[in-house]
């Protein structure tokens, strides 16, 4: 059974700081890994999708890496802004012909102005 | 970009009544849609996978007679919470993707259900 863990559970940083969020998964047999952002009481916004054959993806100030063999992914946020405050979730799509996604426990980020 | 619309965004109902939640893919055909439930301060738990034109696949522990799922077209899936009880109060979110495992998931904005 796939288990996805995110560390830290919560993070508070001053504006402008660079930061890294961590995601680890127990079963390396995945199709892809996706990072999401969730604002309070809202749905999820997709940030980055990394295919299992890729090492990293970049979008603006965000960079996500994937090390499938070690079961790890990181989300790097450069020059953090108060608007980045949200809960960040990683999710892995498990291989096996069934499009089942397992979500991580989430990291709640607060960027202090 | 792809957009998934979920309606209503919040609903309050009395115990014993049924509530229907709609999930629509607005600019693509979704052969598969997913329904999740999220308890406060917890991550998303998959409830069921909805496949167009066939029966939904429910996760272990999810009552299929209580959470009725219908995926009648390639752009619409509905989740009906039947005979709702206070313990069904939760945040329900749907997601959809185009066919193929390399397609990203797109999520609706969720429905906050409160059963009084």
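Residue numbers (the working numbering), protein chains in the order written: chain A, 165 to 277; chain B, 1372 to 1487.
In this text, a Cβ means the ideal position worked out from N, Cα and C, and glycines have one as well.
Close-in-space but distant-in-sequence residues of the same chain around residue i (CB under 8 Å, 5 per side omitted)
i	result
residue 179/A	244, 245, 246, 275, 276 and 277
residue 1476/B	1405, 1466, 1467 and 1468
residue 1460/B	1484, 1485 and 1486
residue 1407/B	1415, 1416, 1417, 1418, 1463, 1464, 1465 and 1466
residue 249/A	273, 274 and 275
residue 1438/B	1406, 1418, 1419, 1429, 1450, 1451, 1452 and 1453
Residues bridged to residue i [DSSP beta-bridge criterion]
i	result
residue 177/A	275/A
residue 1477/B	1467/B
residue 1429/B	1419/B
residue 210/A	200/A
residue 1312/B	Within the shown structure, residues of chain B are numbered from 1372 to 1487, placing residue 1312/B beyond reach of any answer.
residue 169/A	188/A
residue 258/A	194/A
residue 1484/B	1382/B and 1461/B
residue 1405/B	1420/B and 1466/B
residue 266/A	256/A
residue 1377/B	1394/B
residue 183/A	241/A
Below-8 Å beta-carbon distance, residue i vs any chain E residue
i	result
residue 165/A	Any reference to chain E falls outside this structure, whose protein chains are A and B.
Close Cβ partners of residue i (< 7 Å) along its chain, the five nearest in sequence each way excluded
i	result
residue 176/A	274 and 276
residue 181/A	244
residue 242/A	182 and 225
residue 216/A	194, 195, 196 and 232
residue 172/A	271
residue 227/A	220 and 240
residue 1430/B	1417, 1418 and 1419
residue 1433/B	1418 and 1419
Contacts around residue i, its chain only, beta-carbon distance under 6 Å, and the 5 residues preceding and following it disregarded
i	result
residue 1400/B	1445
residue 1324/B	Chain B is shown only over 1372 to 1487; residue 1324/B falls outside these bounds and no answer can be derived.
residue 174/A	272
residue 1359/B	An answer regarding residue 1359/B cannot be provided, because it is not within the stretch 1372 to 1487 covered by chain B.
residue 1409/B	1415 and 1462
residue 1421/B	1404, 1427, 1440, 1442 and 1448
residue 266/A	166, 168 and 256
residue 1454/B	1387
residue 251/A	202, 270 and 272
residue 1397/B	1374 and 1376
residue 264/A	258
residue 223/A	212
**OP:** Determine which residues of the segment 188-210 of chain A have a Cβ less than 7 Å from any Cβ of chain B, and write them out in chain order.
**Re:** 195, 196, 198, 205, 206, 207, 208 and 210
Per the contact definition of three or more C-beta pairs closer than 8 Å, is the segment 192-201 of chain A in contact with the segment 1376-1390 of chain B? no
Give a yes or no on contact between the segment 182-190 of chain A and the segment 222-238 of chain A, applying the rule of three or more CB pairs nearer than 8 Å. yes
For this session: Could you list the residues in the segment 234-257 of chain A with a C-beta less than 7 Å from some C-beta on chain B, going in chain order?
Result: 253 and 257
**Item:** Complete runs of the beta strand (DSSP E) confined to the segment 212-252 of chain A [at least 3 residues]
**Value:** 220-223, 226-231 and 236-241
| Given a limit of 7 Å on CB to CB distance, which residues of the segment 209-232 of chain A reach chain B? | 210, 213 and 215
- Query: Which residues, in order along the segment 1462-1481 of chain B, keep a beta-carbon less than 8 Å from a beta-carbon of chain A?
  - Reply: 1462, 1464, 1466, 1468, 1472, 1473, 1475, 1476, 1477, 1478, 1479, 1480 and 1481
- request: Please list the residues of the segment 264-276 of chain A that have a C-beta atom closer than 7 Å to any C-beta atom in chain B, keeping them in chain order.
  value: 264, 265, 267, 268, 269 and 270
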